Amino acid sequence: APPQQPKSKAPLIIGIVAGAVVLIGIVIGLILLLGKDKDDDTKAETTTEATEEVTTEATTEKASAGNAKPKDNKEDETTEATTEEAKVPAFAEENGCNMVSPSEINYTGQGALVFYDTNNNIIDLDYIEAYQKDYTESVGLIYKTEPDKNGFVTYYTQINLNLDANFTDTKRTTDWTFDLGAWAPDVVDYYTGKILDTPDYTTGLVDEDDEEYLSTVSVNDTDYDVTVARLFDNNSSQYTWDYTESGSSMNYVYRKAIKMVYIVKVPSDYDGAMLVFQTGDVDYDEYIAEYDVSDSDLTLFEADSAGYQYNPESTLCLRLSDYGLSNSDDFCNILSTNYVGHPEDSFNWIGDYYNGELSLDRVENNDLLNGTWNGFLWWDQDNEMGSYSEEYLNVDVYAYQDNLEMTFKYNVQRFSSSGDWRDKSDISDDIYTGNFDAEGSANLTGGEVESFTIDGFYTDGYVQVAIGKITLSSGESASVFMYRP
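Shown next as structure tokens:
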């Protein structure tokens, strides 16, 4: 019997995770256990299970430590030194960092093909012959926000990653899974060479008091608070998977395209954030064997505890402040995402909303709302009408001045009575139109709704959310929640 279809997984951190280079295993997870229940967990606790239908959503927190620490003579802006006028020679200049433009970052590297046994332990399968395990990486759009009320700007950078695996199991065994890894870029300080923490977000909005995502960079006795996050949009692109039987062997081919969004939030007078790419091939074997390692305060070109370091001859450095564009279309294209399936984790933040624990600002510029959102309709929450259900969809938003149009594109719905999922992708779209009021709320009409209100569109500086309520002419009502990326 052939193996089951592959399962997608949330990105897997399998390298150094505290202020150092990381190796990420990208959403492969081919299940080869015949008869294994499709809902069983298949990865160690460092991973987050998700099917290909699940959006690997991720969120970032609002920087909580404020702007740069006060400088001497702060009120005299004409005498303030910027970080560009560093008294100490910048690390990037002293160490000959290869500074490039976004268009120059388009390269192919060798990935890491990692195998696991049924207990999620890394294993070496000498009967697997790998013919290809490559990845290509390039930079897409870069967007820079205007300074917020706290004096921070945020850079959104889109990274495109394509992975290819081609290998043969000469024994046709069925008791292993695999991941295909790729070397992810790091965020590094231009002036000191410090590699900054880059956590991955996998479950909803983050408590703004959590400092896990905050790094401090010191330049000329001035401290700058820098917040970094890496988001994975697993389902924005397609994957292909196939196998062929050949005598006693099984041949596998896997292709996966994925988008990453790096979000870097910095004080407006700090211009030192760089994305650093390792373009040369890496021998992953020893590095992966280390698996659970952690360093801190590493600088670029310094070896980590597994013995690996960036090679100056094969490193590309992209300084974000040189290329960030403030174009609302670019911003919306980066944030827009699509999913199908069962994306429950995308909306874990709803509990915080009901507990009054969300700290969000209203989006003032309606042009920043356009594009695709993940949507969740929570019908009959208290089951007063016996019709409790959870419905997931995509919502296309078009906002212009005070006009608002929303298109509901349905995906799946789960009913409490049975717990079963119903595929609704063949249901025709619903279009709702309306206008914003002076407070940023909107009333919409269309379809069979009696009333449809969006209380507002909000942001924590990284992600966007929307909250509202819809009531049908039949009397059924649902809370409306939207989220991106």
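Numbering (the numbering used here) for the sequence shown: 7 to 491. The beta carbon of each residue, even a glycine, is placed where N, CA and C say it ideally should be. A quick note: this is a predicted structure, and the numbers were derived from the prediction, not measured.
How many angstroms separate the CA atom of residue i from the CA atom of residue j?
i, j, result
"T305", "D367", "35 Å"
"Y276", "V193", "14 Å"
"G362", "D229", "32 Å"
"P191", "E482", "48 Å"
"I37", "L374", "Note that I37 scores 24 on pLDDT, short of 50, meaning its location in the model is unreliable; the coordinates nonetheless yield the value given after this. Near 40 Å, if we compare the C-alpha coordinates of L374 and I37."
"T142", "Y113", "6 Å"
"S365", "V159", "18 Å"
"N104", "G330", "19 Å"
"S480", "N441", "24 Å"
"K265", "L167", "6 Å"
"W427", "Q419", "6 Å"
"L4", "E397", "Only positions 7 to 491 of the chain appear in this structure, which leaves residue 4 out of reach."
"M412", "W189", "38 Å"
"W379", "A484", "17 Å"
"T62", "Q164", "Because T62 sits at a pLDDT of 30, beneath the cut-off of 50, its placement in the model cannot be relied upon, and the following sentence gives the value as read from the coordinates. For T62 and Q164, the distance between alpha carbons rounds to 15 Å."
"Q284", "L322", "7 Å"
"S255", "D248", "14 Å"
"E445", "D466", "18 Å"
"N376", "F97", "40 Å"
"D328", "G146", "15 Å"
"K475", "V455", "11 Å"
"P95", "L186", "39 Å"
"G199", "D429", "50 Å"
"G278", "V469", "23 Å"
"T250", "Y268", "37 Å"
"P273", "N389", "47 Å"
"I433", "Y404", "21 Å"
"I460", "L237", "26 Å"
My understanding is that residue i touches residue j, with C-beta atoms under 8 Å, so please give their C-beta distance in whole angstroms.
i, j, result
"F173", "E135", "6 Å"
"G542", "F414", "This structure gives no information on residue 542, because the portion of the chain shown stretches from 7 to 491."
"K139", "L119", "5 Å"
"T180", "Y133", "Not quite, the Cβ-Cβ distance comes to about 13 Å (not below 8 Å), so this is no contact."
"T204", "V223", "Rounded, the Cβ-Cβ distance is 14 Å, inconsistent with contact."
"L281", "L324", "4 Å"
Return helix, strand or coil for residue i, following the three-state DSSP convention.
i, result
"N257", "strand"
"P153", "coil"
"E454", "coil"
"G474", "strand"
"L304", "coil"
"N400", "strand"
"Y137", "strand"
"Y329", "coil"
"V299", "In this prediction, V299 scores a pLDDT of 34, lower than 50, which makes its location untrustworthy; no coordinate-derived value is stated."
"G357", "helix"
"N126", "coil"
"C323", "strand"
"N389", "coil"
"P318", "helix"
"N372", "helix"
Let's see if you can read the secondary structure: which residues bound the alpha helix (DSSP H) around residue i?
i, result
"F97", "F97 to E100"
"I111", "No alpha helix (DSSP H) holds I111; DSSP gives it neither H nor E."
For the candidate residues the options, whose alpha-carbon lies nearest to that of residue i?
i, options, result
"D130", "Q164, I148 and W182", "W182"
"N409", "G286, A171, L450 and A98", "L450"
"Y438", "F458, Q470 and E445", "F458"
"P318", "D328, F307 and L326", "F307"
"D358", "D227, D388 and F487", "F487"
"E370", "A472, A263 and S434", "A472"
"D227", "Q387, S144, P153 and Y197", "Y197"
"N372", "R490, I356 and C338", "C338"
Just curious, the beta strand (DSSP E) that residue i is in, first and last residue?
i, result
"I433", "Looking at the DSSP string, I433 is not in any beta strand (DSSP E), and its letter there is neither H nor E."
"M280", "A279 to Q284"
"G381", "G377 to W385"
"W189", "T183 to W189"
"K415", "N409 to F421"
"I201", "Per DSSP, I201 belongs to no beta strand (DSSP E) and is neither H nor E."
"I170", "Checking the sequence, you will find Asp at residue 170 rather than Ile. Where D170 is concerned, the enclosing beta strand (DSSP E) stretches over F158 to D175."
"D443", "Looking at the DSSP string, D443 is not in any beta strand (DSSP E), and its letter there is neither H nor E."
"L366", "Premise fails: L366 is in no beta strand (DSSP E) and is neither H nor E."
"I222", "Correcting the residue identity first, residue 222 is Thr in this sequence and not Ile. Residues L220 to V225."
"D192", "D192 to D195"
"Y489", "S483 to R490"
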